[in-house]
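**Q**
Take a look at the structure:
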């Protein structure tokens with residue numbers, strides 16, 4: 001069993017990267033058929049529709065202290081409500097998937113700056129070198145594909161708020177997160193996300209949804225792959241490892257997303273994008289191997 005557990009842990013970063021990287025494209029696709037807060041509320045409602053019966057059947061352990069419920073709720077508020085809410089608003093305002101990915105790729109830098117103050121995790125000079133290489137590689141990939149367009153700067157503001165929320169959520173989870181059962185943690189955090197987003201959709205949008213096959217495919221991917229599996233893996237990796245090292249994985253999201261688009265959709269991969277992919281990979285490798293001071 002220990003060998004199987006070790007094997008599963010070693011695969012977690014790769015599975016997370018694949019599922020998380022596809023989320024930008026599928027979110028952009030789904031938002032063609034529903035308004036942003038409506039689509040996000042629908043996504044969370046579908047997640048809860050899957051998680052509640054599973055919770056009843058499995059009967060996982062639940063937090064015994066009110067403060068632990070609060071910590072789960074705060075992580076859900078930061079990551080599910082604020083991060084995804086702002087990201088979807090940025091998409092709806094015209095910021096491209098590459099533009100959002102470029103802004104969010106700054107997350108490992110913010111986490112590395114904040115980690116010494118909030119989780120007493122010092123970042124070594126070698127890890128800073130890895131973070132710098134990773135950021136440079138991500139920028140090269142996105143810039144080479146010229147996928148950073150936006151119709152207004154409001155979308156950029158939304159993406160920056162999402163960046164801060166994602167960084168804060170990672171730090172908060174590392175400092176206060178406990179080894180809760182994944183079903184319990186997911187149920188609480190997505191319930192908080194739904195309760196925060198649904199009223200906004202109700203009061204500010206028409207809540208009309210065009211249920212096309214494209215929307216259903218997008219929703220299925222985002223619910224199962226992005227929300228349930230990828231988020232659970234991210235929270236697990238943050239609890240199990242150093243938060244700055246785990247966050248460095250996000251530098252690989254733009255390259256992997258571009259690689260998936262090339263493989264699945266036939267989108268062009270300029271030579272600069274391939275070089276950026278190699279550079280980002282080298283940066284993540286250095287950041288992952290370097291020890292904290």
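In our numbering, the protein residues as written are 1 to 293.
For each residue, glycine too, the CB sits at the ideal point set by N, CA and C.
Quick caveat: nothing in here was measured; it's all calculated off a predicted structure.
Under the rule that 16 or more other beta-carbon atoms within 10 Å means buried, what is residue 38, buried or exposed?
**A** As a first step, residue 38 must be located in the chain shown, where it is residue number 38. With 16 or more other Cβ atoms within 10 Å, it is buried.
**Q** Just list the alpha helix (DSSP H) runs in the stretch 48-91, keeping only unbroken ones of 4 residues or longer that don't cross its boundaries, in chain order.
**A** DSSP runs (the alpha helix (DSSP H)) wholly in the stretch 48-91: 66-76.
**Q** Going by beta-carbon coordinates alone, are residue 283 and residue 115 separated by less than 8 angstroms?
**A** Position 283 of the chain shown, counted from the first residue, corresponds to residue 283. Position 115 of the chain shown, counted from the first residue, corresponds to residue 115. Not a contact, by the Cβ cut-off of 8 angstroms.
**Q** Expressed to the nearest angstrom, what Euclidean distance is found between the alpha-carbon atoms of residue 86 and residue 240?
**A** Here the question's residue 86 lines up with position 86 in the chain shown. Here the question's residue 240 lines up with position 240 in the chain shown. Looking at the two C-alpha atoms, the distance is approximately 28 angstroms.
**Q** Within the same chain, show all residues whose beta-carbon is closer than 7 angstroms to that of residue 19, passing over the 5 residues directly before and after it, in chain order.
**A** Translated into positions along the chain shown, residue 19 becomes position 19. Once the five neighbours on either side are set aside, the close Cβ partners of residue 19 are 225, 226, 229, 230.
**Q** Based on the DSSP output, what are the partners of residue 34 in its beta bridges?
**A** Residue numbering aside, residue 34 sits at position 34 when the chain shown is read from its first letter. DSSP, once it has assigned bridges, lists 209 as partnering residue 34.
**Q** Spatial neighbours of residue 60 within its chain, please: CB distance less than 6 angstroms, with the 5 preceding and 5 following residues excluded, ordered by chain position.
**A** In the chain shown, the residue the question calls residue 60 occupies position 60. Cβ neighbours of residue 60 beyond the five flanking positions: 181, 183, 184.
**Q** Put residue 20 into one of helix, strand or coil per three-state DSSP.
**A** Taking the chain shown and counting its residues from 1, one reaches residue 20 at position 20. Here residue 20 sits in helix by DSSP.
**Q** Which residue's Cα is closest to the Cα of residue 162: 83, 43, 62?
**A** On the chain shown, residue 162 is found 162 positions in, with the first residue counted as 1. When each option's Cα is compared against that of residue 162, the closest is 83.
**Q** Here's a check: name, in chain order, each residue in its chain whose Cβ is nearer than 7 angstroms to the Cβ of residue 200, leaving out the five neighbours to either side.
**A** As a working mapping, residue 200 is identified with position 200 in the chain shown. The answer, listed in chain order, is 37.
**Q** For residue 106, which residues of its own chain have a beta-carbon under 8 angstroms away from its beta-carbon, when the five flanking residues on both sides are left out?
**A** Residue 106 sits at position 106 when you count from the first residue of the chain shown. Correct list, in chain order: 135, 163.
**Q** How would you write the range of the alpha helix (DSSP H) that residue 317 sits in, first residue to last?
**A** It is not possible to answer for residue 317, since the shown part of the chain is limited to 1 through 293.
**Q** I'd like the ranges of any alpha helix (DSSP H) spanning at least 4 consecutive residues and lying wholly in the stretch 90-163.
**A** Here the runs fully enclosed are 97-104, 107-118, 125-144.
**Q** State buried or exposed for residue 16, treating a residue as buried only when at least 16 other CB atoms are found within 10 Å of its CB.
**A** By 1-based counting over the chain shown, the position of residue 16 is 16. The residue is buried, with at least 16 neighbouring Cβ atoms inside 10 Å.
**Q** So, using beta-carbon positions, are residue 76 and residue 188 closer together than 8 angstroms?
**A** For the purposes of this step, residue 76 is taken as residue 76 along the chain shown, with counting starting at 1. For the purposes of this step, residue 188 is taken as residue 188 along the chain shown, with counting starting at 1. Going by C-beta atoms, residue 76 is nearer than 8 angstroms to residue 188.
**Q** If I measure Cβ to Cβ from residue 74 and keep anything under 7 angstroms in the same chain, skipping five residues before and after, which residues do I get?
**A** As a working mapping, residue 74 is identified with position 74 in the chain shown. So the qualifying residues of the chain are 172.
**Q** Report back the beta-carbon spacing between residue 42 and residue 216 to the nearest angstrom; my notes put them in contact at under 8 angstroms.
**A** Stepping through the chain shown from its first residue, residue 42 is reached at position 42. Stepping through the chain shown from its first residue, residue 216 is reached at position 216. Residue 42 to residue 216, Cβ: 11 angstroms. No contact.
**Q** If I follow the unbroken alpha helix (DSSP H) through residue 202, where does it start and stop?
**A** For the purposes of this step, residue 202 is taken as residue 202 along the chain shown, with counting starting at 1. Element bounds for residue 202: 182-204.
**Q** Start and end of the alpha helix (DSSP H) containing residue 270?
**A** As a first step, residue 270 is located in the chain shown; it is residue number 270 there, counting from the start. No alpha helix (DSSP H) contains residue 270, which DSSP labels as neither H nor E.
**Q** Give the straight-line distance between the Cα atoms of residue 159 and residue 121, rounded to the nearest whole angstrom.
**A** Position 159 of the chain shown, counting from 1, holds the residue named residue 159. Position 121 of the chain shown, counting from 1, holds the residue named residue 121. Roughly 26 angstroms separates the two Cα atoms.
**Q** Select from 130, 100, 177 the residue whose C-alpha is nearest the C-alpha of residue 155.
**A** Here residue 155 is taken as the residue at index 155 of the chain shown, counted from 1. Closest option to residue 155, Cα to Cα, is 100.
**Q** Given that a residue counts as buried once 16 or more other Cβ atoms are within 10 Å of its Cβ, and exposed if not, what is residue 10?
**A** On the chain shown, residue 10 is found 10 positions in, with the first residue counted as 1. It is exposed - the Cβ of residue 10 has fewer than 16 other Cβ atoms within 10 Å.
**Q** Report buried or exposed for residue 91, applying the criterion of at least 16 other Cβ atoms within 10 angstroms of its Cβ.
**A** Taking the chain shown and counting its residues from 1, one reaches residue 91 at position 91. Counting Cβ neighbours within 10 Å, residue 91 comes out buried, since at least 16 surround it.
**Q** Starting from residue 259, trace the alpha helix (DSSP H) in both directions and tell me its first and last residue.
**A** To locate residue 259, count along the chain shown from 1; it is residue 259. Residues 253-260.
**Q** In whole angstroms, what separates the C-alpha of residue 293 from that of residue 287?
**A** The residue you call residue 293 lines up with position 293 of the chain shown. The residue you call residue 287 lines up with position 287 of the chain shown. Bear in mind that the predicted position of residue 293 carries a pLDDT of just 49, short of 50, making it too unreliable to give a figure here.
**Q** Would you tell me roughly how many angstroms separate the C-alpha atoms of residue 139 and residue 202, rounded to the nearest one?
**A** If you number the chain shown from 1, residue 139 lands on position 139. If you number the chain shown from 1, residue 202 lands on position 202. Roughly 37 angstroms separates the two Cα atoms.
**Q** Should residue 88 be labelled buried (16 or more other beta-carbon atoms within 10 Å of its own) or exposed?
**A** Here residue 88 refers to the residue found at position 88 when the chain shown is read from its first residue. Buried, by the Cβ-count rule.
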